[in-house]
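Engineer: I'd like to ask some things about the structure below.
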Amino acid sequence: MEHQDTFQRLRAVPEDPPPPAESGKTRAPRALDRRPTDDELLAARLVPLRRPGQWVSALVLLVLFAMLVHTLLTNKRFQWGTVGDYFLRGSILHGLELTLWLTGAVMASGYLLGIGIAAMRLSRNPVLRALSFGYVWLLRSVPPLVQLLFWYELASLYPRISLGIPFGHEFVTVKTAHLFSGILAAYVGLTLDVAAFSSEIVRGGILSVDPGQSEAAQALGLGNGRIFRKIVLPQAMPAIIPASGNLLIGMLKATSIVSVIAVQDLLYSAQLIYNQNFLIMPLLLVATVWYVILTTLLSIGQFYVERYYARGSGRGGGGGPKRGFWEVTRANIPVFGRTRTDLAGLS
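What follows is the structure, encoded as structure tokens:
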């Protein structure tokens, strides 16, 4: 009975009343009582991440670049006036013309041969696959300079070349010493080298296409030739073009090695001049500036070709906003870092 009386008295004690609300005012919700909305998140100011190391490295690089420009402009031993005098000299332009011709001829012939070698590598014939693999392995293993010297000195191994019945009568015989001049040796050696590398570029581009694309086209009754032209090749080109552009630029510079076999290209033309007047550095700068100009033009052309074949893929083509050459250049040369505006653009 004593415990029941105590329990009844405790129940009789009134609870503390809630604090009276102020007249005309409601209790403001605490900051943690609700989550921010999407509009508030998108409208929030983006605070970039602090990267002091990036600023320090950028400053150091800018100082080094300024020092480089200063020494190029103030060092009189570069003799920029002499560079300008010989820049458009007739012999230099003749060597430039030969360099451009050799680059174009080698790339065209090398790619035609490389496409055939790539087809052999993808063939079901084991003999063709083995021969093409051996060709690629051998040519990629030998330096281009060694190949040029080999073809230039081919007369020491084969004094004459004949055409006729195998192991039988010969119809035509040509002396190799009169056939393989410096230009022909350069053309043949560089063409065979380009064919080996281009075959792997073409083969890799074709293998990058999903085999299901060809199987679906065959199920629709399309022929192999049409499948390759309309389905496989357009999808393989985005993978082939960048590597082919790099190979073209590399071949333009690699033509300078033909100077060792007395082919009067751009570099050899400059060498002939400075062997007479001993202005070595100015003439080397003439060749260097021409190579820089040509590679820059080829890089610009490669950019537009890549953009053409990438249309519809969301990589700068028709599937997304097209970006001009200067926009891409500015985007890839951020001096002070980039500002994130992608999220802010959604608000």
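Taking the working numbering, the leading residue of the sequence shown gets 870, the next gets one more, and so forth. Idealized CB from N, CA, C, for every residue including glycine.
1) Report the residue from S992, I1100, V1071 whose alpha carbon sits nearest the alpha carbon of E1084.
2) Starting from the Cα of F1172, find the closest Cα among S1113, E1069, V1078 and give me that residue.
3) What's the gap between the Cα of T1042 and the Cα of P1028?
4) Using beta-carbon positions only, say whether E1022 and S1031 come within less than 8 Å of one another.
5) In whole angstroms, what is the alpha-carbon distance linking Y1058 and Q1016?
6) Do you know whose CA, among I1109, S926, E1069, Q1082, lies nearest V1174's CA?
7) Please name the residue in T1045, L969, V952, A912 whose C-alpha comes closest to that of A1123.
8) Who are the Cβ neighbours of G1073 in its own chain at under 7 Å, not counting the five residues just before and after it?
9) Check whether the Cβ atoms of V1063 and M976 lie closer than 8 Å to each other.
10) At the level of alpha carbons, what is the spacing between S1025 and K1044?
11) So, with DSSP's three-state summary, where would you put V996?
12) Could you round the C-beta distance between L1014 and I1118 to whole angstroms and report it? I think they count as a contact, below 8 Å.
13) Suppose the cutoff is 6 Å on Cβ atoms and the five residues either side in sequence are ignored; what does the same chain contact list for V1078 look like?
14) Rounding to the nearest angstrom, what Cα-Cα distance links T1210 and T1164 in this structure?
15) Could you give the residue range of the beta strand (DSSP E) that holds G1033?
16) Rank P1151, I1162, W1159, A1156 by C-alpha distance to the C-alpha of F1234 and give the top, closest one.
17) A1156 and L1135: beta carbons closer than 8 Å?
18) To the nearest angstrom, how far is the alpha carbon of I984 from that of F1049?
19) What are the complete beta strand (DSSP E) segments, minimum 3 residues, inside the stretch 1044 to 1110?
20) Helix, strand or coil: which one does DSSP assign to F1040?
21) May I have the straight-line CA-CA distance separating S960 from S1068, to the nearest angstrom?
22) Quick one: is T940 buried, meaning 16 or more other Cβ sit within 10 Å of its Cβ, or exposed?
23) So, helix, strand or coil for E1175, using DSSP?
24) Taking just the CA atoms, how far does A999 sit from S1138?
25) Since V952 contacts L1116 with CB under 8 Å, what's their CB separation in whole angstroms?
26) If you draw a straight line from the C-alpha of I1096 to the C-alpha of L982, how long is it?
27) Ends of the alpha helix (DSSP H) at E909?
28) Could you check what DSSP says for A974 in three-state terms: helix, strand or coil?
29) Beta carbon of Q1145, beta carbon of L967: below 8 Å?
30) Where does the unbroken alpha helix (DSSP H) through N1144 begin, and where does it stop?
31) If A1065 sits next to L1008, beta carbons under 8 Å apart, how far is it from one beta carbon to the other, in whole angstroms?
32) Looking at the structure shown, is V1132 part of a helix, part of a strand, or coil, going by DSSP?
33) Where does L1121 land, buried or exposed, given buried means 16+ other C-beta within 10 angstroms?
34) Name the two residues that bound the continuous alpha helix (DSSP H) containing L928.
Structural biologist: So, to answer that:
1) I1100
2) S1113
3) 10 Å
4) no
5) Position check: residue 1058 holds Gly in this sequence, whereas Tyr was assumed. Rounded to whole angstroms, G1058 to Q1016 spans 6 Å at the Cα level.
6) I1109
7) Of the listed residues, the one whose Cα sits closest to A1123 is L969.
8) A1108
9) yes
10) 11 Å
11) helix
12) Wrong, their Cβ atoms sit about 19 Å apart, outside the cutoff.
13) V1101, Q1104, A1105
14) Unreliable positioning characterises T1210 in this predicted model, as indicated by a pLDDT of 43, which lies under 50. The coordinate reading is nonetheless provided below. Between T1210 and T1164, the alpha-carbon positions lie close to 33 Å from each other.
15) 1029 to 1033
16) The structure shown does not extend to residue 1234, since the chain spans only 870 to 1216, so no value can be given for it.
17) Their beta carbons are under 8 Å apart, which means A1156 touches L1135 by this criterion.
18) 26 Å
19) none
20) strand
21) 36 Å
22) Residue burial annotation: T940 is exposed, with fewer than 16 other C-beta atoms found within 10 angstroms of its C-beta.
23) helix
24) 42 Å
25) 30 Å between Cβ atoms; not a contact.
26) Cα-Cα distance, rounded: 22 Å.
27) 907 to 912
28) In this structure, A974 counts as helix in the three-state DSSP scheme.
29) Result no, Cβ atoms of Q1145 and L967 do not sit closer than 8 Å.
30) 1135 to 1146
31) That belief holds up - the Cβ atoms of A1065 and L1008 are roughly 4 Å apart, short of 8 Å.
32) coil
33) buried
34) 921 to 943
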